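Presented below is the structure to which this report refers.
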Amino acid sequence: MNKHILLFLLFVLSLGACRSLRVRDFHTNQNLPARLPRLGLLVHERSFLEAFDCALDREVVINNVVSGPYAPAPWVAYEVTDQALEDAFQVLGNELDDNLNQVSTPRYGHARFKLLFYKRRNSGWGWTVASVSTLFVPNLLGMPVRTHRAELELQMEILDAKGKMLVRYTAPGAGKAIVAAYHGYDNSNATRKANLLALQSAMSKIKKKLEADVPSLASQLEAAGTLRKLDGK
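Quick note: the sequence shown uses the numbering used here, first residue -10, plus one each step.
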């Protein structure tokens, strides 16, 4: 079967996937026993955008959609780069508010995030072969088409109100989501879900490392003062 026809059929099938991302997908409940003075969020946008863009280029070339790093429509780039960056801001901001920060008005510094490594791949091609050979009939009953996987390494730095870096953590993360009707996701949401799970996996490891350092970090952050006072506001 022509690869272009296969891609078209996979796209049509993805329209029948009934699951979409929900608010709870952007939150976890693994909070620190003792929380830090409130930190603002800073994200190294370029590291995320370049990683997502490179992954998109690889997929375009591998799938032979076109003969080079060009997209067939603007929504392709938006869903896997811009939307993915927006998701990263949201999930990392939620991690701070839900699990790390004390509930207080003034900010005592920043948590700064950077993506050190990112790889996205589509596995589960056995499902795809089975789907094609059976003319996609089992997929109408919920059989997966394939699996989207994301692997990454996340860096988190904590800075006090004066901009001094107090500590740095790095951790790997991995996530996967299936493309399937009813209980799975369509192609774009499967990619987004895998990214979210990978970021949350990395944050889970970082929080375990951070837990023992909370008392010392809290003292250093409080000693440096708040961002508001230093700005003269």
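By construction, the Cβ of each residue, glycine as well, lies at the ideal position given by its N, Cα and C atoms.
Only a predicted model underlies this, so the values are computations on that prediction, with no experimental measurement involved.
**Asked** Quick check: the stretch 23 to 39 against the stretch 96 to 103, are there 3 or more CB pairs under 8 Å?
**Response** With the cut-off at 8 Å, the stretch 23 to 39 and the stretch 96 to 103 touch.
**Request:** Return the residue from the list Ser190, Lys196, Met145 and Ala160 that minimises the CA-CA distance to His99.
**Result:** Selected option, being the one with the closest Cα: Met145.
**Request:** Check whether the Cβ of Tyr158 sits closer than 8 Å to any heavy atom of the ligand FMN, and report yes or no.
**Result:** This structure simply doesn't include the ligand FMN, nor any ligand for that matter.
**Item:** Euclidean distance between Cα positions of Ser93 and Ser9
**Value:** Using only the alpha carbons, I get a separation of about 33 Å.
**Asked** Taking the continuous alpha helix (DSSP H) assigned at Thr136, which residues delimit it?
**Response** Run containing Thr136: none in the alpha helix (DSSP H); it sits in the beta strand (DSSP E), Arg135 to Asp149.
**Request:** Would you give the residue range spanned by the beta strand (DSSP E) that Leu31 belongs to?
**Result:** First-last of the beta strand (DSSP E) with Leu31: Gly29 to Val32.
**Prompt:** If we count the other Cβ atoms within 10 Å of its Cβ and call it buried at 16 or more, is Gln189 buried or exposed?
**Reply:** So Gln189 ends up on the buried side.
**Prompt:** Are the CB atoms of Asp14 and Lys182 nearer to each other than 9 Å?
**Reply:** A contact, by the Cβ cut-off of 9 Å.
**Prompt:** CB Leu206 to CB Ile167, shorter than 9 Å?
**Reply:** At least 9 Å separates the beta-carbon of Leu206 from that of Ile167.
**Request:** State yes or no: is the C-beta of Asn184 within less than 9 Å of the C-beta of Ala77?
**Result:** Yes, the pair counts as a contact, with Cβ atoms nearer than the cut-off.
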